[in-house]
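Each protein sequence line maps, in turn, to chains A and B.
The opening position of the first sequence corresponds to residue 8 in the numbering used here, with each subsequent residue numbered one higher.
The opening position of the second sequence corresponds to residue 8 in the numbering used here, with each subsequent residue numbered one higher.
Ideal placement from N, C-alpha and C gives every residue a C-beta, glycine not left out.
First up is the structure itself, then whatever we jot down about it.
Protein chains: 2
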Amino acid sequence: MSHAQRLRQRIEDEIVSGELALGSRLDENQLAARFGVSRTPIREALLQLAATGLVQTKPRRGAIVSAPEPHLLLAMFEAMAEIEAACGRLAARRLVPEDAEALQAALAGCTAAMAEADTESYYAENYVFHTVVYRASRNAFLADQALSLHRRLAPYRRLQLRVRQRLPQSLAEHEAIVAAIVAGNEAGAAEALRSHVIVQGDRFTDLVAGLRASNAA
Amino acid sequence: MSHAQRLRQRIEDEIVSGELALGSRLDENQLAARFGVSRTPIREALLQLAATGLVQTKPRRGAIVSAPEPHLLLAMFEAMAEIEAACGRLAARRLVPEDAEALQAALAGCTAAMAEADTESYYAENYVFHTVVYRASRNAFLADQALSLHRRLAPYRRLQLRVRQRLPQSLAEHEAIVAAIVAGNEAGAAEALRSHVIVQGDRFTDLVAGLRASNAA
DNA sequence: TCAACAGCGCTTGTATGCAAGAAAAACCGT
DNA sequence: ACGGTTTTTCTTGCATACAAGCGCTGTTGA
């Protein structure tokens, strides 16, 4: 793989994991020096990230890590909810034993992390769980889109899980999702995933509050 | 706007409109000579198109216009159907008079093009119609995703409309979609759009047949 | 005659150099 | 002293130069 591709992954990981703060500036010279390459592959990496929406570029003013306005963020979560609902619907219709086992295993992972009250670990298991649902849709393109959007929203999801009592609720919702998919209940699976992902009411308030706190830091 | 951005749009348009055939090679030197710029902005444009999936790049082997396998193409249409269904659901829930008027106007445009049996014109009006539905979802992000995917599938949609008797059927489906949205029937609007967009049964056969014909040419 | 290998050429990938534009700092006038 | 303007500097955006793979072709051997 080329330098540019490696750098793209590396920078993407740093954004998703939160090492690079939202809104922070991505200086080409600085990144080039840090990774020991010239500006060219850095530029190529940043342009690709810009095309996927993870960073924003203003002409002649460089790139910053995307920090969408709350209303757009809400729209992104709504879109995520719809896409995950679609994955759930398809998964419920097409479930094969292999995917059923994967779902149960992912659910068990979440349960274990929850039992230890380990937020970081739950965060990781939650990621696995959703990935399994995407794959169970047996639609490679939709699964890809879902995963890409999931990663893009990862920094905010991390904020959300900090809210007290969100973990047990999240786990209960996961159980309902698996139950619906395994039962072949298309509408139920879609609705369970939609309401699991969507951000509204108290959760929206929590999210915005978390954003402000993280911006202030 | 920068050269690279202009070139990206230009090349994207040529792909979407079919001027650049599916699978054709995109030689950097050739494009640079054609547009009178150096390879640098061409590369940047191609990389951005690669990130959105419109072109594929193999390391050390340049870029070609994406020509997905039939099974992936089918998955893309399925994903498109789900996303459009989501737009329709949200539109039915949120419809404002302004969007209602836009929908009726777009429908009238389709009817007019249909009356003149002008495939090219219907193709254009069809694009407008779907765009209006996306916007009526009042979710800027989802609308963006939908539009981007729509453009990516444009070359294949063009093939589809060539099938005899597809135009009147398409128009009838548009009417049902508008009726459901205006009536505030969320489930109905979603289902109408899903079945309008999805490719299955005879339509899948037609699509694959069209692909083969266009590849042979 | 066919297959395999080596050399060559062409293309991509990266580095560097240069110009234009925007932010920041300094200077001048009031 | 403060506001506006100018200049300076720093960054991006493009061009050019260079290096490194991969494919192709020509040749050679069986």
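Collapsed DSSP secondary structure at residue i in the structure displayed
| i | result |
| --- | --- |
| Ala-205 (chain B) | First, the amino acid is wrong: residue 205 (chain B) is Ile here, not Ala. Ile-205 (chain B) falls in the coil class under three-state DSSP. |
| Gln-167 (chain B) | helix |
| Val-72 (chain B) | strand |
| Arg-67 (chain A) | coil |
| Arg-145 (chain A) | coil |
| Val-62 (chain B) | strand |
| Leu-27 (chain A) | coil |
| Leu-33 (chain A) | strand |
| Met-8 (chain A) | coil |
| Leu-102 (chain B) | coil |
| Val-44 (chain A) | coil |
| Gln-176 (chain B) | helix |
| Ala-107 (chain A) | helix |
| Asn-133 (chain A) | helix |
| Ala-124 (chain B) | coil |
| Gly-191 (chain A) | coil |
C-beta atoms of residue i and residue j nearer than 7 Å
| i | j | result |
| --- | --- | --- |
| Leu-178 (chain A) | Met-121 (chain A) | yes |
| Ser-2 (chain B) | Val-62 (chain B) | Missing from the structure shown is residue 2 (chain B); chain B here goes from 8 to 224 and no further. |
| Leu-54 (chain A) | Glu-51 (chain B) | yes |
| Phe-4 (chain B) | Ala-86 (chain A) | Here chain B comprises residues numbered 8 to 224, so residue 4 (chain B) is not present and cannot be evaluated. |
| Leu-114 (chain B) | Val-185 (chain B) | yes |
| Arg-158 (chain A) | Val-23 (chain A) | yes |
| Ala-7 (chain A) | Ala-98 (chain A) | Only positions 8 to 224 of chain A appear in this structure, which leaves residue 7 (chain A) out of reach. |
| Val-139 (chain B) | Ala-109 (chain B) | yes |
| Glu-132 (chain B) | Cys-117 (chain B) | yes |
| Leu-29 (chain A) | Glu-21 (chain A) | no |
C-alpha gap between residue i and residue j, whole angstroms
| i | j | result |
| --- | --- | --- |
| Val-170 (chain B) | Ala-119 (chain B) | 19 Å |
| Ser-226 (chain A) | Lys-65 (chain B) | Residue 226 (chain A) falls outside the range modelled here, since chain A spans only 8 to 224, and no answer is possible. |
| Gly-95 (chain B) | Gln-207 (chain B) | 20 Å |
| Phe-130 (chain B) | Arg-101 (chain B) | The residue asked about is misnamed: residue 130 (chain B) is Tyr in this sequence, not Phe. So the alpha carbons of these two residues sit roughly 27 Å apart. |
| Leu-56 (chain B) | Leu-14 (chain B) | 10 Å |
| Ala-47 (chain A) | Leu-38 (chain A) | This sequence places Thr at residue 47 (chain A); Ala is not what is there. Thr-47 (chain A) and Leu-38 (chain A): Cα-Cα distance of roughly 11 Å. |
| Ile-49 (chain B) | Phe-42 (chain B) | 9 Å |
| Gln-176 (chain A) | Gln-152 (chain B) | 30 Å |
| His-203 (chain A) | Val-215 (chain B) | 38 Å |
| Ser-221 (chain A) | Asp-213 (chain A) | 12 Å |
| Ala-40 (chain A) | Glu-123 (chain A) | 42 Å |
| Ile-18 (chain A) | Leu-156 (chain B) | 26 Å |
| Tyr-111 (chain B) | Leu-174 (chain B) | The residue you asked about is not Tyr; residue 111 (chain B) is Gln in the sequence shown. Their backbone Cα atoms lie some 18 Å apart in a straight line. |
| Ala-150 (chain B) | Gln-172 (chain B) | 29 Å |
| Asp-209 (chain A) | Pro-77 (chain A) | 14 Å |
| Ala-187 (chain A) | Gln-12 (chain B) | 46 Å |
| Leu-200 (chain A) | Asp-125 (chain B) | 43 Å |
| Val-135 (chain A) | Gln-16 (chain A) | 19 Å |
| His-181 (chain B) | Gly-25 (chain B) | 25 Å |
| Leu-33 (chain B) | Leu-33 (chain A) | 30 Å |
Member of the options whose CA lies at the smallest distance from the CA of residue i
| i | options | result |
| --- | --- | --- |
| Glu-91 (chain A) | A:Tyr-163, A:Gly-195, A:Ser-24 and A:Glu-127 | A:Gly-195 |
| His-137 (chain B) | B:Ser-45, B:Leu-154, B:Pro-48 and B:Gln-12 | B:Leu-154 |
| Arg-219 (chain B) | B:Cys-94, B:Pro-75, B:Arg-159 and B:Arg-13 | B:Pro-75 |
| Pro-162 (chain A) | A:Tyr-141, A:Ala-187, A:Ile-205 and A:Gly-217 | A:Gly-217 |
| Leu-166 (chain B) | B:Gln-176, B:Arg-142, B:Phe-211 and B:Glu-198 | B:Phe-211 |
| Ile-205 (chain B) | B:Ala-197, B:Leu-38, B:Ala-88 and B:Pro-48 | B:Ala-88 |
| Asn-146 (chain A) | B:Met-83, B:Asp-151, B:Tyr-141 and B:Tyr-134 | B:Met-83 |
| Arg-67 (chain A) | A:Ala-93, A:Gly-60 and A:Glu-35 | A:Glu-35 |
| Pro-104 (chain A) | A:Arg-173, A:Ala-150 and A:Gly-191 | A:Gly-191 |
| Ala-183 (chain A) | A:Gln-172, A:Glu-198 and A:Leu-174 | A:Glu-198 |
| Leu-80 (chain A) | A:Ile-18, A:Arg-201 and A:Arg-164 | A:Arg-164 |
| Leu-160 (chain B) | B:Glu-180, B:Gly-60 and B:Gln-16 | B:Gly-60 |
| Ala-93 (chain A) | A:Gln-16, A:Tyr-141 and A:Val-135 | A:Tyr-141 |
Residue i Cβ short of 6 Å to the ligand MN heavy atom set
| i | result |
| --- | --- |
| Ala-70 (chain A) | Looking for the ligand MN in the displayed structure turns up nothing, as the structure carries no ligands at all. |
Checklist entry - When you check each C-beta in the stretch 53–81 of chain B against every C-beta of chain A, which residues fall closer than 7 Å? => result Leu-54, Gln-55, Ala-58, Thr-59, Pro-66 and Leu-79
Checklist entry - According to a CB-to-CB cut-off of less than 7 Å, which residues of the stretch 133–151 of chain A neighbour chain B? => result Asn-146, Ala-147, Phe-148 and Leu-149
Checklist entry - Of all the residues that make up the stretch 114–135 of chain B, which are near chain A by a beta-carbon distance shorter than 8 Å? => result none
Checklist entry - Taking any Cβ of chain B, which residues in the stretch 192–209 of chain A have a Cβ under 7 Å from it, in chain order? => result none
Checklist entry - Quick one, which residues of the stretch 15–30 of chain A are near chain B if we go by CB-CB under 7 Å, in chain order? => result none
Next on the checklist: Any C-beta of chain B within less than 9 Å: which residues of the stretch 92–113 of chain A qualify?
Outcome noted: Ala-92, Ala-93, Cys-94, Arg-96 and Leu-97
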